[in-house]
Amino acid sequence: MLALDPLLIGDLDLGDLLVVLVKVVVVFVVGLVSTMLMVWFERKVISGMQNRVGPNKAGPFGLLQTLADGIKLFFKEDLIPDKSDRFVFKLAPYLSFVPAFLVWAIIPLGGDFTGDKTGLVTLPGDRVTRIQLADPQVGVLLLLALSGIAVYGIMLAGWASGSKYPLLGSVRASAQMVSYEAALGTSLAAVLLLAGTLSTSGIVASQEGFTNWHLVSTGVLPFVIFLIAATAELNRPPFDLVEAEQELVGGFNTEYSSIRFALFFLAEFMNTITMSAIIVTLFFGGPQPLSIDIGGLQWDGDLYLGPLNGTVWFLLKVLVFLYVYVWFRATLPRLRYDQLMDLGWKLLIPISLGWFMLLAAFRLAQQEGWNRVLVGGIGLVSIAAGAALLAAAMKVSARNREREGAMF
Amino acid sequence: MELFVFICAAAMVLVGAIGVVVRSHPVHAALSLVLTLFGVAVLFVAKEAHFLAAVQVIVYSGAIVVLFLFVIMLLGVDNVEDLRIEPITVQRPLATVVGIGTLALLVTAVVQAQDSVRTGSGTGIDEAIATGDPDSNVRQIARDLFGDHVFAFELVSVLLIVAVVGTVLLSRRPDKSLTSDGGRR
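Keeping their order, the protein sequence lines are chains A and B. Taken in order, the first sequence gives residues 1 to 408; the numbers are from UniProt numbering. Taken in order, the second sequence gives residues 1 to 185; the numbers are from UniProt numbering.
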C-alpha cells in the first residue's frame, strides 16, 4: 500500500487525522512567517551591501516592517481597471500564490536520514510519519508541474489587465519561464538518475554524508545550471525582465493594487524560499548533517539538539542559498532579452543534456563492466562533436541574419 | 469514493470541453482547455497512474497551452471573431464529417479494447500498489517506451524535428538578394 504519508496506511483514526491537520497548519504558518522574515532579510542584507541602514523602525531591527507593509496593503483601495477581463484579473493572483504554497508540501523539513534510517519519525501512540507534509509518488515532478502552473498566474495577470506594459511583461515572462523550465528539467534529470527515485525523501536518503552528495557528478554542472534556471524561473534579478521598471513601468503587476498585489509579492518571496529548499534537497542532502571524516578529524554533524538536528541543518543550508539569491540581486545587472534567450537555449540546455548523456553512459558502463576510461573518452568526443556542430549551425544562422539586415 | 472522484473529474472535463467550443473569446477557450486537462490528470491519479498525471500537467498545461496563450497574446487575435465570414467554404461541413469520424473511431476503439484491459492487482498500472514500490510506475513506462516501442518512439521524434525544420524553412520569407548570392555559401 502506498500513501502520501505513512500515517494514512491502515486504519485511520481521529489522532492520525489530527496529526495531518496539525502538519498542514504548521507548514502553512511556517511558510507565511518565513516569507515575512525573508522580505526583511532581503531588505536588510541589500541595504548592508549598498551602505544603507534599511528598515529599522518597526519592531526590533525592523523585523515587523513586512507586517506593517502587509497591513497597509490590506487597507488600500482595490482597483480593477476598466478595460480588464474581470474574472481572469481576479483569478490570476491565486494562480501564482497557490503553487508557491503547494511546493512546500514535498520538501523534507527534518527527520533523521543518517545511516539506513529513512527519515521516519515515531510520534506518541505509535504513529509513524515524516517531517514532510506529503511524499507523493511523483515526488519532485510536482515541482515542475507547479512551476508550470505558476506561469499562468503571471501570464494571465498581464493579459487581463488590458493595458500594454503588463501585456509585454507577461509575454516576456511566459517565454522566459517556459524556456528555462527545459533547463531546469534536464539538470534535475541528472540528480534523479543518480538517486534512482523520484521521491524527495528518497533523494535525501540517498545523499548520506558529505561523500554521497555526488559533488562531482551533480554538484558542479547540474547544480550551477539548476541554480541559474531556478533564478530565471523565479524571475529574480538578474533575470527580472518581467518587471524591468525602466522599460515596462512595473511589468505584469502594474495594474494590481491592494491585497491582489500583496499576493503576487508574497508568492514571489515564498517561491525564493521554496526554490532554495528544493536546491538543498536535491543537491546538498536536505536535513542530512554535514559530517566530516578527514584524517583524525571526525564529526558526525550532531548539534546535540535531539530530534531537531535535521531541521536545524536544513535551515542552515537554506539560509546559505537565500543569501546567495540576495547577493545575486545586489551585484548582477539585468540581462538583455536576447542574451537571456541565448543563455537558456544555446548554452544551458545543450550542456545539461550532454552532461546527462555522459552520466548515463557511465552508469551503463558500471553495470555492464565496460572500460570506464574508454566510455568517458568516447562520450567526451561525441559531446565535443555535437558542440562543434551546434556552434557551426549558430555561426551560419548568424551570418544569414546579418545578410538579411538584422541588427543583432 | 472512487465514484465521487470520477463524477467530479468528469464534470471538470465536460465543462472544460464545452467551454472550449462555446466561449467566443480565444483566451477563455484556452483556459477551459486547461480545466479539461486537469480533469484528465485527476482521472489518471484516480487510476493510480501518478506519473502520467504529472506529465499531463507538466507538458500539456505547463507548456502546450502556455504556448497557445503566448501565440494568442503575441498575435493579438484575442478579440471576438466574426463567425459569418468564412475564408474557406468547405471547411465547416468537412469539420463535421471529420469530427463524427473521429468520435466513431474512438468509440469503436474503446468498445474493442474492453476485453483486453487487464484488471486485478499486480497487472498494468496496479503494479505500484501490489509491489509497494513507488517508482515502478516510471519503470513500466520507461520499459514500454524505450524497450517495446523504441522504434515508434524514435520515429515520432524524427517526425517532430522534421516538422520544426519545415516550419522554420516555410516561415522565413524568401529574400531576392539572398537567393541570388546564397549559392556561394
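In this text, a Cβ means the ideal position worked out from N, Cα and C, and glycines have one as well.
| query | result |
| --- | --- |
| GLY148 of chain A: contacting residues in chain B (beta-carbon distance under 8 Å) | VAL57, ILE58, SER61, GLY62, ALA63 and VAL66 |
| Unbroken stretches of the alpha helix (DSSP H), 4 residues or longer, contained in the region 78-121 of chain A | 86-102 |
| Check whether GLY16 of chain B and LEU33 of chain B have beta carbons under 8 Å apart | yes |
| Given PRO289 of chain A as reference, the closest of A:MET270, A:TRP313 and A:PHE269 once Cα atoms are compared | A:TRP313 |
| Any chain A beta carbon closer than 8 Å to ASP135 of chain B | yes |
| Run of the alpha helix (DSSP H) containing residue 472 of chain A, from where it starts to where it stops | Because chain A spans 1 through 408 in this model, residue 472 of chain A falls outside it and cannot be assessed. |
| Short Cβ contact (8 Å threshold) for ILE58 of chain B with ALA145 of chain A | yes |
| Contact check, ILE80 of chain A vs PHE74 of chain A, beta carbons under 8 Å | no |
| Best match in A:ARG172, A:ALA205, A:PRO93 and A:LEU198 for proximity to ASP112 of chain A [C-alpha to C-alpha] | A:ALA205 |
| Cα-Cα separation, SER157 of chain B to VAL164 of chain B | 11 Å |
| Beta-bridge pairing of ARG127 of chain A - partner residues as DSSP gives them | A:LEU123 |
| Cβ contact (3+ pairs, closer than 8 Å) linking the region 181-190 of chain A and the region 162-170 of chain A | no |
| GLN132 of chain A, DSSP secondary structure in three states | coil |
| Length of the line joining the Cα atoms of VAL216 of chain A and ILE131 of chain A | 29 Å |
| Alpha helix (DSSP H) segments (min. 4 residues) lying fully within the region 128-179 of chain A | 141-160 |
| Spatial distance of PRO307 of chain A from PRO287 of chain A (CA atoms) | 11 Å |
| Min CB distance VAL280 of chain A to chain B below 8 Å | no |
| Enclosing alpha helix (DSSP H) for PRO222 of chain A [first to last residue] | 221-233 |
| First and last residue of the uninterrupted alpha helix (DSSP H) at GLY31 of chain A | 14-49 |
| Any 3 or more C-beta pairs closer than 8 Å across the region 263-277 of chain A and the region 35-42 of chain A | yes |
| Cβ pair TRP40 of chain A, PRO60 of chain A closer than 8 Å | no |
| Any chain A beta carbon closer than 8 Å to ARG184 of chain B | Unreliable placement is indicated for ARG184 of chain B, whose pLDDT of 42 sits below 50; the coordinate value is still reported in the next sentence. Cβ-Cβ to chain A under 8 Å: no for ARG184 of chain B. |
| Given 8 Å, three or more beta-carbon pairs between the region 98-106 of chain A and the region 174-189 of chain A | no |
| Contact belief for ILE72 of chain B with VAL27 of chain B at Cβ below 8 Å, rounded distance in angstroms | 6 Å |
| Partners in chain A for LEU74 of chain B, counting only beta-carbon separations shorter than 8 Å | VAL171 |
| Candidates A:GLN137, A:ARG403, A:PRO222 and A:ILE154, of which the one nearest LEU52 of chain B by Cα | A:GLN137 |
| Proximity test, Cβ basis, 8 Å: GLN132 of chain A and chain B | no |
| Candidates A:ARG334, A:ALA360, A:ILE46 and A:GLY139, of which the one nearest ASN235 of chain A by Cα | A:ARG334 |
| Option nearest MET155 of chain A by Cα separation, candidates B:PHE146, B:LEU67, B:ILE141 and B:ALA142 | B:LEU67 |
| Contact belief for PRO238 of chain A with LEU332 of chain A at Cβ below 8 Å, rounded distance in angstroms | 4 Å |
| Neighbourhood of MET49 of chain A by C-beta distance below 6 Å, restricted to the same chain and skipping five residues each side | ALA330 |
| Against chain A: residues of the region 14-27 of chain B by CB proximity under 7 Å | VAL27 |
| Proximity below 8 Å, CB of GLY344 of chain A to CB of ALA244 of chain A | no |
| Extent of the continuous alpha helix (DSSP H) run through THR89 of chain B | It is not in any alpha helix (DSSP H) - THR89 of chain B carries neither H nor E in the DSSP assignment. |
| ASP78 of chain A classed as buried or exposed, judged by whether at least 16 other C-beta atoms fall within 10 angstroms | exposed |
| Counted within 10 angstroms of its Cβ, other Cβ atoms place MET1 of chain B as buried (16 or more) or exposed | exposed |
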